[in-house]
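The sequence shown: position 433 = 1269 (this note's numbering), numbered continuously.
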Amino acid sequence: MNNETERAAREEKLRAPLPVGDATLGARIAEGLLRLGYTGEAMRAAVPETADGESSIKMNQAMVAERVGTSTPLGCLLRAFLLRVATPEEPMRRAVGDAFFDLCEEAQLWTRVEGGVVGSVVFLEDEKMFLLSDHTTVRLGEVSMYWVMSIGTSTVIVSESIARRPYEKMLDLCCGGGIQAFYLAPFAKRVVAIDRNPRALNFGRFGAAMNGFPQIEFRESDCYSAVEGEQFDLIACNPPYVMTPDRQAYYRDGGMGGDRFSERILRETAAYLAEGGFAHMTCDVGTMAGREGETRLREWLDGNGCDVVALQGKRLGPAEYAKAWMKADSPEYAAAEVERWVEHFGELQVTAIQNYLVILRKRTKGAKNWFHVDTLAPTRKGQFGHQIARMFACQDLVRRSPAEIWEAKLRLAPDMRMVPTMRPEGGRWMTDSVKLTFAEGLISEFEVEPRTANLLLLYDGTRKSEAVLEKIAAAMGQKAGELKSEWIGYLKHLIGNGILEPVGK
Ligand SMILES: C[S@@+](CC[C@H](N)C(=O)[O-])C[C@H]1O[C@@H](n2cnc3c(N)ncnc32)[C@H](O)[C@@H]1O
837 MNNETERAAR EEKLRAPLPV GDATLGARIA EGLLRLGYTG EAMRAAVPET ADGESSIKMN
897 QAMVAERVGT STPLGCLLRA FLLRVATPEE PMRRAVGDAF FDLCEEAQLW TRVEGGVVGS
957 VVFLEDEKMF LLSDHTTVRL GEVSMYWVMS IGTSTVIVSE SIARRPYEKM LDLCCGGGIQ
1017 AFYLAPFAKR VVAIDRNPRA LNFGRFGAAM NGFPQIEFRE SDCYSAVEGE QFDLIACNPP
1077 YVMTPDRQAY YRDGGMGGDR FSERILRETA AYLAEGGFAH MTCDVGTMAG REGETRLREW
1137 LDGNGCDVVA LQGKRLGPAE YAKAWMKADS PEYAAAEVER WVEHFGELQV TAIQNYLVIL
1197 RKRTKGAKNW FHVDTLAPTR KGQFGHQIAR MFACQDLVRR SPAEIWEAKL RLAPDMRMVP
1257 TMRPEGGRWM TDSVKLTFAE GLISEFEVEP RTANLLLLYD GTRKSEAVLE KIAAAMGQKA
1317 GELKSEWIGY LKHLIGNGIL EPVGK
């Protein structure tokens, strides 16, 4: 082979390292891994350091590898596919069996290194579903541009924001190893997953075979180019939203400088949404040349025929932001990099960076489109797709006329919880104050008067809110007519915060 052919072969190996033509190969690997005890639960029990997705970066691979050992199948598989630490072939074969060892060889899942074999990919397992990604140790070097990330905070935020309900046709834009597609595949009739990184698509196709999702169609695509003219009722997107000066890694760098890639995606998305369809995506938006991120975000989405919920996450200054993204190995390198990023922000006149989870709903008919900004509660417990669906229903209602609001049947959100604070008084516990909060999802809190908390129970979804007002007024010893003008403002506050939700149409 001459140099040029060798280089092309190496490049091809980086782009598509795993054989993906044979769907049964993936299924056999998945079956083998599960049979040998390689489950998320076992993984987290044996390597608690992986409990938060990011910690694999910080953990001491060798020390953890020593701890899990080579005497059990799980220990060997964790060394290979989670820790990327060499294990001699002989104990590996003994632990996992020749047949499975050879199957991994056939699927090109082993890399031979000094001291034995290591997995060529990382496998994460969750509820019998596998995700393939690259290990942090290959993030720099040959793989770097093609590096495929595993599960990050933004992955989880996007996925947890999406209601798990039936969809006709879903798009996973910037799909990476296909995680969003995998989570939604059981709910969607058709799934298209697109990415510009061929290595990510290769991992995604192998993962889909492992998970038994033949309905997911992977396509190589720069942004929406491979789905031109198509429409979806759900788009999930965790793009390379980081504001970097670089084009070093597909997973992180949009490559257009500043927040231009986020802008591009947000401007283009509405055209690919079917009427009534939702798009969920993360982005970072800069305060630029004195213009607030929110103003710029509104401008990108203005007039696109969508209602918008924009949930604000962290807001950081340029240096803080650059430091937060530094995963460099040496402090000197990190300091120089931070300086370079800050210089880039200076050139763009970026003074702050605001993270958003943006949800669009296509609605080209009826009342004017609206734009609602809220906070992405820092405390979250699992799925919050139901709360996003509620936000849309509540924001629709809160903008209607008072007459329509009085007509609406409302109920206290079923996942609402009341948390009283009691104080000791005269040998008894007395209610001091009461907070309303949510049992799961986005955990926000609202202070209410103890008596009001009880009155809210009257909103049980069976009566029009005007009829509920009659009861509330009676309980307060007032006339409904007198209370009405004051209560409508409070009612809007309760609806606007998802404490009360409309029932039915
Ligand atoms: C932050 S990763 C997200 C991976 C996965 N969807 C998740 O939620 O964890 C961003 C992905 O966008 C892809 N990407 C980068 N530039 C792209 C482009 N111009 N068009 C399509 N995908 C792109 C990267 O290859 C990478 O897989």
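Positions of the beta carbon are idealized from the N, C-alpha and C atoms, including for glycine.
Out of the options, which one is the CA nearest neighbour of residue i?
i, options, result
"glycine 817", "Leu914, Leu939, Met1124", "Any question about residue 817 goes unanswered here, given that the chain covers just 837 to 1341."
"valine 1031", "His1180, Ala1158, Gln1051, Met985", "The sequence shown places aspartate at residue 1031, not valine. Ranking the options by Cα distance to aspartate 1031, first place goes to Met985."
"proline 927", "Pro909, Leu914, Phe917", "Pro909"
"isoleucine 1324", "Arg1236, Gly1153, Leu872", "Arg1236"
"serine 1057", "Ala1029, Arg1041, Pro1050, Gln1067", "Ala1029"
"valine 958", "Leu976, Arg1001, Leu913, Asp934", "Leu913"
"serine 1280", "Arg1216, Val883, Ile1224, Glu1322", "Arg1216"
"valine 979", "Ala852, Leu1133, Glu1240, Asn838", "Ala852"
"serine 956", "Ser990, Met1124, Thr989, Val921", "Val921"
"glutamate 1285", "Thr1257, Gly1090, Arg1176", "Thr1257"
"threonine 1118", "Ile1071, Ala1158, Trp1161, Gly1126", "Ile1071"
"serine 997", "Lys1198, Met1046, Val1194", "Val1194"
"phenylalanine 1049", "Asp1069, Glu1066, Arg1055, Ala1021", "Ala1021"
"alanine 1125", "Gly1043, Gly933, Gly1094", "Gly1094"
"glutamate 1099", "Asp1082, Glu1135, Phe1068, Arg1127", "Glu1135"
"tryptophan 1161", "Arg1088, Val1339, Glu1179, Leu861", "Arg1088"
"phenylalanine 1023", "Arg1001, Gly1013, Gln1016, Gly1014", "Arg1001"
"alanine 999", "Lys1315, Ile1224, Ala1309, Leu1272", "Ile1224"
"leucine 1212", "Lys1159, Gly905, Asn1333", "Asn1333"
"leucine 1291", "Met1312, Gly1297, Ala1275", "Met1312"
"lysine 1245", "Met1227, Leu1152, Tyr1295", "Tyr1295"
"glycine 1297", "Ile1331, Gly1340, Val954, Gly873", "Gly1340"
"arginine 1226", "Glu1318, Glu1337, Lys1150, Leu1319", "Glu1337"
"tryptophan 1206", "Phe1228, Gln1219, Phe1220", "Phe1228"
"leucine 1152", "Arg1199, Val1121, Lys1163, Ala1106", "Val1121"
"threonine 906", "Phe1274, Thr923, Arg1247", "Thr923"
Does the beta-carbon of residue i have 16 or more other beta-carbons within 10 angstroms, so that it is buried, or is it exposed?
i, result
"tyrosine 1169", "exposed"
"lysine 1025", "exposed"
"arginine 903", "exposed"
"lysine 964", "exposed"
"threonine 1267", "exposed"
"arginine 843", "exposed"
"histidine 1344", "Missing from the structure shown is residue 1344; the chain here goes from 837 to 1341 and no further."
"leucine 1293", "exposed"
"valine 883", "buried"
"valine 1255", "exposed"
"glutamate 1066", "exposed"
"tyrosine 1326", "exposed"
"serine 990", "buried"
"asparagine 839", "exposed"
"alanine 931", "buried"
Pull up the distance between the alpha-carbon of residue i and that of residue j, whole angstroms please.
i, j, result
"glutamate 890", "threonine 972", "Low per-residue confidence applies at glutamate 890: pLDDT is 49, beneath 50, and the placement is therefore not dependable, though the value from the model is reported in the following sentence. In a straight line, the C-alpha of glutamate 890 is about 10 angstroms away from that of threonine 972."
"isoleucine 1335", "alanine 1249", "6 angstroms"
"cysteine 1059", "asparagine 1033", "11 angstroms"
"alanine 925", "leucine 918", "Per the sequence presented here, residue 925 reads as glutamate, with alanine not at that position. When rounded, the distance between both Cα atoms is 17 angstroms."
"leucine 1196", "tyrosine 1086", "25 angstroms"
"arginine 1096", "glutamate 1064", "20 angstroms"
"threonine 1288", "aspartate 1232", "25 angstroms"
"leucine 968", "glutamate 961", "9 angstroms"
"histidine 1188", "valine 949", "It is worth fixing the name first, because residue 1188 is alanine in this sequence and not histidine. Computed Cα separation, rounded: 45 angstroms."
"glutamate 1156", "glutamate 1240", "47 angstroms"
"alanine 943", "leucine 1137", "45 angstroms"
"glycine 1277", "glycine 1129", "26 angstroms"
"proline 855", "alanine 1171", "41 angstroms"
"alanine 859", "glutamate 941", "16 angstroms"
"threonine 1123", "glutamine 1190", "8 angstroms"
"arginine 1103", "alanine 935", "51 angstroms"
"alanine 1316", "tryptophan 1242", "12 angstroms"
"aspartate 1251", "aspartate 1210", "19 angstroms"
"proline 1154", "arginine 871", "48 angstroms"
"aspartate 1082", "isoleucine 1015", "25 angstroms"
"arginine 1247", "leucine 1330", "11 angstroms"
Given the structure, does residue i come close to ligand 2, in the sense that its CB is under 7 angstroms from one of the ligand's heavy atoms?
i, result
"proline 1076", "Ligand 2 is not part of this structure, which contains only ligand 1."
>> So within the region 1064-1128, which uninterrupted beta strand (DSSP E) runs reach at least 3 residues, ignoring any that extend past its ends?
In response: Complete beta strand (DSSP E) runs here, min 3: 1068-1073, 1109-1124.
> With contact counted as at least three CB pairs below 8 angstroms, one residue from each stretch, are the region 1000-1013 and the region 1070-1090 in contact?
Replying inline: yes
>> Three or more C-beta pairs under 8 angstroms: does that hold for the region 1135-1149 against the region 1032-1048?
In response: no
>> Quick test of the definition: if touching needs 3 or more C-beta pairs under 8 angstroms, does the region 1108-1121 touch the region 1179-1188?
In response: no
> Are the region 1300-1311 and the region 1253-1263 touching, with three or more C-beta to C-beta distances below 8 angstroms?
Replying inline: no
> What runs of the alpha helix (DSSP H), each 4 residues or longer, lie entirely inside the region 850-910?
Replying inline: 859-871, 876-882, 897-904
> Which parts of the region 1154-1226 are runs of the alpha helix (DSSP H), unbroken and 4 residues or longer, counting only runs that do not cross its ends?
Replying inline: 1154-1161, 1167-1183
> For the region 1238-1296, which segments carrying the beta strand (DSSP E) assignment without a break, of at least 3 residues, lie completely within its bounds, in sequence order?
Replying inline: 1245-1248, 1252-1261, 1264-1274, 1281-1284
> Which residue spans inside the region 963-1018 form an unbroken beta strand (DSSP E) run of at least 3?
Replying inline: At a cut-off of 3 residues, the continuous stretches assigned as beta strand (DSSP E) that sit fully inside the region 963-1018 are 965-969, 1003-1009.
> Which residue spans inside the region 904-953 form an unbroken beta strand (DSSP E) run of at least 3?
Replying inline: Fully enclosed beta strand (DSSP E) runs of no fewer than 3 residues occupy 946-949 of the region 904-953, in order along the chain.
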